[in-house]
Amino acid sequence: MTEQTFTPRVFSGIQPSGGLTLGNYLGAIKRFVDMQEAGTHETIYCMVDLHAITVWQNPGDLMRNTRELCAGFIASGIDPEKSVLINQSQVPEHAQLAWIFNCVARMGWMGRMTQWKDKSGANAEGSSLGLFAYPALMAADILIYHATHVPVGEDQKQHLELTRDIAAKFNHDYGVDFFPITEPVIEGAATRVMNLQDGTKKMSKSDPSEKTRINMTDDADTIAKKIKKAKTDPDPLPDTIDGLDGRPEARNLVNIWAGLTDETPQAVVEANAGKLFGYFKQDLAEIAVDKLAPIAGEMARLMEDQTEIDRILGRGAERAREIAAPILAETYKIVGLVKS
Ligand code: TRP
3 MTEQTFTPRV FSGIQPSGGL TLGNYLGAIK RFVDMQEAGT HETIYCMVDL HAITVWQNPG
63 DLMRNTRELC AGFIASGIDP EKSVLINQSQ VPEHAQLAWI FNCVARMGWM GRMTQWKDKS
123 GANAEGSSLG LFAYPALMAA DILIYHATHV PVGEDQKQHL ELTRDIAAKF NHDYGVDFFP
183 ITEPVIEGAA TRVMNLQDGT KKMSKSDPSE KTRINMTDDA DTIAKKIKKA KTDPDPLPDT
243 IDGLDGRPEA RNLVNIWAGL TDETPQAVVE ANAGKLFGYF KQDLAEIAVD KLAPIAGEMA
303 RLMEDQTEID RILGRGAERA REIAAPILAE TYKIVGLVKS
């Protein structure tokens, strides 16, 4: 068995299930852009529509949300020339490899996934088979490109461990060194964006209150208002981040500032020490509007030209298949599937 060396390659995906928030931007998309610009890895970014349909999606909404996510990627700085930007269902090799992984992964492994337990809840019997098999498709997304690094949020860590288990079991069962053992690149606490009205909860597109989140499609006025109305506490900013202990809302606003300006949270508190949150929020609103309003404007512009978005996705799928097809062909050969 020879040690294979793998091309440094990043893969990550976001579900087009609607409603991109500041959390998606700072926690995922902006990091994807940074990795693209670093130029140390090939970068592949994906709208995982096949994952989205593991729970019901209205077909018209799904199409719109997929194009909107694509617009969000591009408006945020993902360059379809520098990165491969794709829609999962347009690259059939994902689903083809997923079937093989369904036969490698064990029922017990899947049953232990906390996302499965949370999403199926008390109604496992009534959940789709796809929801149960979700992590095997995710492993296929990554391994069909022999991706070596995967930036994800903390909540996806378990799925990435499962991806490593699938790669290792495949390699072991077939006596090959074919799939890489992928490294997760987990988001730090500073990039996890919390609810603007309750700093102990994650910012979510599904919270019933609009005041709790900033949407990537919000205009300048809306962004400024939501930040100015964000919950805080009466104390001024401390001069070290330790002074944010037990103050989740204050910490969240500092983290958002740091995320938007590429500073450390410590640098943000030092520069604003002693300031009351009323003033801090005014300055933060200005920073957020400067950064986010142009992205929302560009998304709206792109959404008016659907043919251009579809052209970009078509081209992305072609480039993706150039990498994926030979890896799938080799996998088929290893497994013993006859191809003429
Ligand atoms: N499961 C991921 C999420 O919900 C989305 C996803 C699908 C993904 N396939 C992936 C992320 C591959 C990273 C790599 O956030």
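Here the sequence shown is numbered in my numbering, starting from 3 and rising by one per residue.
Note that the Cβ used here is the ideal one computed from N, Cα and C, for glycine as well.
Bear in mind the structure is a predicted one, so any value in this text is a computation, not a measurement.
With a cut-off of 8 Å on the beta carbons, I'd call residue i and residue j a contact; round off their distance for me.
i           : j           : result
residue 145 : residue 99  : 7 Å
residue 262 : residue 293 : 5 Å
residue 215 : residue 223 : No, residue 215 and residue 223 are not in contact; Cβ-Cβ is about 16 Å, not under 8 Å.
residue 341 : residue 331 : 7 Å
Considering only DSSP beta bridges, list what residue i is partnered with.
i           : result
residue 217 : 23
residue 47  : 14 and 87
residue 271 : DSSP output for residue 271 lists no bridge partner at all.
residue 153 : 187
residue 65  : Answer by DSSP bridge pairing: none, since residue 65 is not bridged.
residue 196 : 204
Going by alpha carbons, who is nearest to residue i out of the options?
i           : options               : result
residue 138 : 116, 342, 123 and 97  : 97
residue 164 : 50, 183, 153 and 265  : 183
residue 148 : 232, 338 and 329      : 329
residue 102 : 66, 122 and 140       : 140
residue 175 : 10, 302, 342 and 337  : 337
residue 220 : 318, 296, 156 and 125 : 296
residue 51  : 37, 38 and 66         : 66
residue 202 : 14, 247 and 130       : 247
residue 313 : 118, 89 and 39        : 89
residue 205 : 10, 13 and 21         : 21
residue 324 : 94, 62 and 274        : 94
residue 218 : 300, 340 and 335      : 300
residue 108 : 136, 78, 58 and 38    : 136
residue 156 : 303, 150 and 186      : 186
residue 58  : 70, 110, 129 and 195  : 129
residue 36  : 106, 125, 189 and 226 : 189
residue 195 : 259, 180, 168 and 172 : 259
residue 264 : 334, 193, 333 and 6   : 193
residue 237 : 211, 327 and 274      : 274
residue 200 : 154, 166 and 253      : 253
residue 26  : 154, 61, 143 and 82   : 154
residue 104 : 82, 134, 63 and 91    : 134
residue 298 : 70, 61 and 64         : 70
residue 226 : 269, 211, 282 and 245 : 282
residue 110 : 62, 339 and 168       : 168
Below 8 Å between beta carbons: does that hold for residue i and residue j?
i           : j           : result
residue 54  : residue 19  : yes
residue 291 : residue 271 : no
residue 251 : residue 235 : yes
residue 112 : residue 161 : no
residue 47  : residue 8   : no
residue 152 : residue 34  : no
residue 23  : residue 207 : yes
residue 16  : residue 49  : yes
residue 280 : residue 239 : no
residue 361 : residue 132 : Outside the shown range of the chain (3 to 342) lies residue 361, about which nothing can therefore be said.
residue 229 : residue 267 : no
residue 178 : residue 322 : no
residue 126 : residue 304 : no
residue 346 : residue 180 : No information on residue 346 is available, as it lies outside the stretch 3 to 342 that the chain covers here.
residue 11  : residue 150 : yes
residue 38  : residue 84  : yes
Relative to the ligand SAH, is the shortest distance from any of its heavy atoms to the C-beta of residue i smaller than 7 Å?
i           : result
residue 110 : As far as ligands go, the structure on display features the ligand TRP and does not contain the ligand SAH.
request  = Could you tell me whether the region 43 to 50 touches the region 297 to 309, where touching means 3 or more Cβ pairs closer than 8 Å?
outcome  = Output reads no: the region 297 to 309 does not touch the region 43 to 50.
ask   = Would the region 274 to 286 and the region 316 to 332 be scored as touching if the rule is three or more Cβ pairs under 8 Å?
value = Fewer than three Cβ pairs drawn from the region 274 to 286 and the region 316 to 332 lie within less than 8 Å of each other, which leaves the two stretches out of contact.
ask   = Three or more C-beta pairs closer than 8 Å, one from the region 114 to 133 and one from the region 24 to 39: is that the case here?
value = Fewer than three Cβ pairs drawn from the region 114 to 133 and the region 24 to 39 lie within less than 8 Å of each other, which leaves the two stretches out of contact.
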